[in-house]
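In case it helps, our numbering puts the sequence shown at residues 853 to 1088.
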Amino acid sequence: PSHQGLGSGTQLALAVGKALSVLAGERELSAIDLAQRVGRGARSALGLHGFHQGGFLVDGGKSSLEDIGTLVTRVEFPAEWRILLISVDDELGLSGKEEQTAFRELSGMPESLTNHLCRLILMDLLPALVERDFNAFSNAIFEYGQLVGTYFASIQGGRLASPQMAKLAQELGNRGITGIGQSSWGPALFVFQESQSKALPMLCELGEHPLTVNCQLQIAKPLNRGATVRIEEDPR
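Next up, the structure:
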């Protein structure tokens, strides 16, 4: 779904750009050239790097306004883990000019917060992924989301953009469920699950919850590869 914080606009733009470049005979077009041609990657390069190789990616930012963000590291995401996605039908995240305005109005992130987030990634998230420690990963991703959500609260109206999803997240948290957070600007909520067999009952349960009557729910699988290009011959 578009404008849910899932990067669908970037993926669509890159897919169309890649297809056109292949048709034009440019099969080896670099990721940076592709991003510049379709006007993506100006703020975050995660969508660009994800399009080309998938996996769990860490964007280290960029040194100037013209650069594409540097991919600091890539880790294989445990293939058996699942992500439950919940999005409210009539709610959209910030995009376009509204998003640009929001970033202009935000004060700079405090160095102490940046340091805390970097430590979470380096000392908790990445080791948990490498060791396939689901509980450690879930706790770290929840803490990361809470910290970032607090920073953006003045713009999006709270730690989560959707009051409805905030209530649902609170209920799940009260039950001891971690691995909960918002994707980018949201308003989509994600809940990590350790396996398909655990994700399905959660999907069924939340599908009957009063807070999801106007929501779309789906289970997403990790993707540890980039986009593929398939050329089909005209059968005529």
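Think of the CB as a built atom: it goes at the ideal place given N, C-alpha and C, for glycine as much as any other residue. Since we're looking at a predicted model, the values are computed, not measured.
Per DSSP, cross-strand counterpart(s) of residue i
i: R934; result: Q1045
i: L1069; result: I938
Burial state of residue i (16 or more Cβ within 10 Å)
i: V924; result: exposed
i: K870; result: buried
i: M975; result: exposed
i: L866; result: buried
i: V1065; result: exposed
i: P1053; result: exposed
i: P1039; result: buried
i: T922; result: exposed
i: G977; result: The residue you asked about is not Gly; residue 977 is Leu in the sequence shown. Buried is the call here.
i: S860; result: exposed
i: Q1034; result: buried
i: G960; result: exposed
i: G899; result: buried
i: A1005; result: exposed
Extent of the continuous alpha helix (DSSP H) to which residue i belongs
i: V868; result: 860-875
i: L886; result: 883-890
First through last residue of the beta strand (DSSP E) which encompasses residue i
i: I1032; result: 1032-1034
Complete runs of the beta strand (DSSP E) confined to the segment 947-1029 [at least 3 residues]: Within the segment 947-1029, no complete beta strand (DSSP E) run reaches 3 residues.
The segment 1022-1035 touching the segment 982-1002, judged by at least three CB pairs closer than 8 Å: Touching, yes, given that three or more Cβ pairs across the two stretches are closer than 8 Å.
Residue ranges of each alpha helix (DSSP H) run of no fewer than 4 residues wholly in the segment 898-930, ordered along the chain? If we require 4 residues or more, the alpha helix (DSSP H) runs fully inside the segment 898-930 come out as 898-905.
Between the segment 1039-1056 and the segment 1011-1023, do three or more beta carbon pairs fall short of 8 Å? Counting Cβ pairs under 8 Å, three or more are found: they touch.
Three or more C-beta pairs under 8 Å: does that hold for the segment 1061-1081 against the segment 886-893? By the Cβ criterion, the segment 1061-1081 is not in contact with the segment 886-893, since fewer than three pairs of Cβ atoms, one from each stretch, lie closer than 8 Å.
Three or more C-beta pairs below 8 Å linking the segment 905-916 and the segment 1000-1014: Contact between the segment 905-916 and the segment 1000-1014 is absent, with fewer than three C-beta pairs closer than 8 Å.
Sufficient close CB pairs (3 or more, under 8 Å) joining the segment 1070-1084 to the segment 925-944: Yes, since at least three Cβ pairs between the segment 1070-1084 and the segment 925-944 fall closer than 8 Å, the two stretches touch.
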